[in-house]
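Undergrad: According to mature numbering (1 follows the signal peptide of the UniProt record, and there is no 0), the sequence shown holds residues -21 to -1, 1 to 252 in order.
Glycine included, each C-beta is placed from N, C-alpha and C at the ideal position.
Quick caveat, the model's predicted, so the values are computed rather than measured.
Quick one: this structure, given as structure tokens, is what I'll be asking you about.
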Amino acid sequence: MIIKSFFVFSVALVFFKASECADEVSQFHNEALLYAPRLRFDSQTGDTLGQCLPGSAEDYFRLRQNGFTGRICNMDYISILDGRIPAYYEAAQCGSDLIISYWYFYGYKDDCPMLPGDPGDDVNWGRYVVKVLNGNQVDRVTFYQHEGWYTRNPGRYEVFESTHPVAYVGKLRQGTYHDDGGSGTCCYFEDYRNPGSPDKHMDSWVNLVWLRNNGSSTPEWMTNNDPYYWNGVSLPHFRGENLCDLRGCEGGNLQTCNTCGCHKSDVPDDQRP
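Printed below as a string of structure tokens:
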């Protein structure tokens, strides 16, 4: 998509928010709220146009429908704190376990200045998966980065208020990780994610929306997977993924600059989380 102008996303939030307030919920909504993660952002996320905070997928869709072609980047951290920005989820019962996949929408993902030819992109979905044992205990969690992921066992990731796993979000590529840090390069585990004293965070349970493409109350944007509106990126619930058939990790076992999610995974790539 050609960038013709710049647009700070927070301007659109007040105008479009109403339709996402009254929302249908799934049978697993209470569990999704209880185990929703806390995201922690790098201290500089949202300070620079391009290094965006999560935004509303519905607002993005409406702006594109109305012909806006500029960059849509949420730089308003207050919109996160006061609950205007939703997180999204899908859930599936897999035997006695519940798998909940949480999604976060970004209107823009910045390029990597250290990798020539790596352009920024409109539309990015960050992700985090929680496995709940017997409906009442968080077990393993899976952290997703671009083209890879890894799974951690209980005690090998942080938890907030006993039920909410914590994910650290990379500043440039918006992947989720179990720890802070990063050297600031574009290698797989090196994206900056240092919250520091600003402690920018998003509590996913404050505004949590069920992703689906059926039902009388389904918002229009959830049923429209037209690549024109989403810059060729498919909506999560149109990807045909079976949550009961996920694998523990993706990527090499040795830490390199390339995809190497299995390096930090407690579950191998041939096992389910």
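Going along the chain, which residues of its own chain have a beta-carbon closer than 8 angstroms to the beta-carbon of aspartate 159, five neighbours each way excluded?
TA: Arg19, Tyr147, Arg172, Asn173, Pro174
Undergrad: Would the region 102 to 121 and the region 74 to 89 be scored as touching if the rule is three or more Cβ pairs under 8 angstroms?
TA: In short, these stretches touch, since the Cβ pair count reaches three.
Undergrad: Helix, strand or coil for leucine 44 per DSSP?
TA: Sequence check: residue 44 is glutamine here, not leucine. Helix at glutamine 44.
Undergrad: What is the rounded straight-line gap between the Cα of tryptophan 128 and the Cα of glutamine 234?
TA: 13 angstroms
Undergrad: Quick check on the DSSP output: the beta strand (DSSP E) that includes arginine 144 runs from which residue to which?
TA: In the sequence on display, residue 144 carries proline and not arginine. Per DSSP, proline 144 belongs to the beta strand (DSSP E) from 143 to 148.
Undergrad: Have a look at tyrosine 67 and cysteine 52 and give me their C-alpha separation to the nearest angstrom.
TA: 18 angstroms
Undergrad: Could you check if tyrosine 207 is buried or exposed, using at least 16 other CB atoms within 10 Å of its CB as the buried criterion?
TA: exposed
Undergrad: Have a look at methionine 201 and glutamate 69 and give me their C-alpha separation to the nearest angstrom.
TA: 13 angstroms
Undergrad: Take the Cβ of arginine 63 as the centre, count every other Cβ of all protein chains shown within 10 Å, and call the residue buried at 16 or more, exposed below.
TA: It is buried - the Cβ of arginine 63 has at least 16 other Cβ atoms within 10 Å.
Undergrad: Could you tell me whether the Cβ atoms of glycine 230 and arginine 251 are closer together than 8 angstroms?
TA: no
Undergrad: Three or more C-beta pairs under 8 angstroms: does that hold for the region 149 to 163 against the region 6 to 15?
TA: no
Undergrad: Spatial neighbours of proline 247 within its chain, please: CB distance less than 6 angstroms, with the 5 preceding and 5 following residues excluded, ordered by chain position.
TA: Gly227
Undergrad: In angstroms, rounded to a whole number, what distance separates the CA positions of alanine 1 and glutamine 23?
TA: Legend: pLDDT at alanine 1 = 46, less than 50; position of this residue unreliable, value from coordinates given subsequently. Answer to the nearest angstrom: the Cα atoms are 33 angstroms apart.
Undergrad: Please classify serine -3 as buried or exposed, where buried requires at least 16 neighbouring CB atoms within 10 angstroms.
TA: Here serine -3 scores only 44 on pLDDT, less than 50, and its place in the model is too uncertain to base an answer on.
Undergrad: What distance in whole Å lies between the Cβ atoms of leucine 13 and threonine 142, which are believed to be in contact at a cut-off of 8 angstroms?
TA: That pair is a contact at about 5 angstroms.
Undergrad: Helix, strand or coil for serine 58? Go by DSSP, reduced to three states.
TA: helix
Undergrad: In the DSSP output, which residue or residues are listed as bridge partners for leucine 82?
TA: In the sequence on display, residue 82 carries tryptophan and not leucine. Tryptophan 82 is bridged to Tyr67, Arg106.
Undergrad: Quick one: residues in its chain with C-beta nearer than 8 angstroms to the C-beta of proline 177, no 5 flanking neighbours on either side, listed in chain order?
TA: Ser22
Undergrad: Between the alpha carbons of leucine 77 and aspartate 182, how many angstroms are there, rounded?
TA: 20 angstroms
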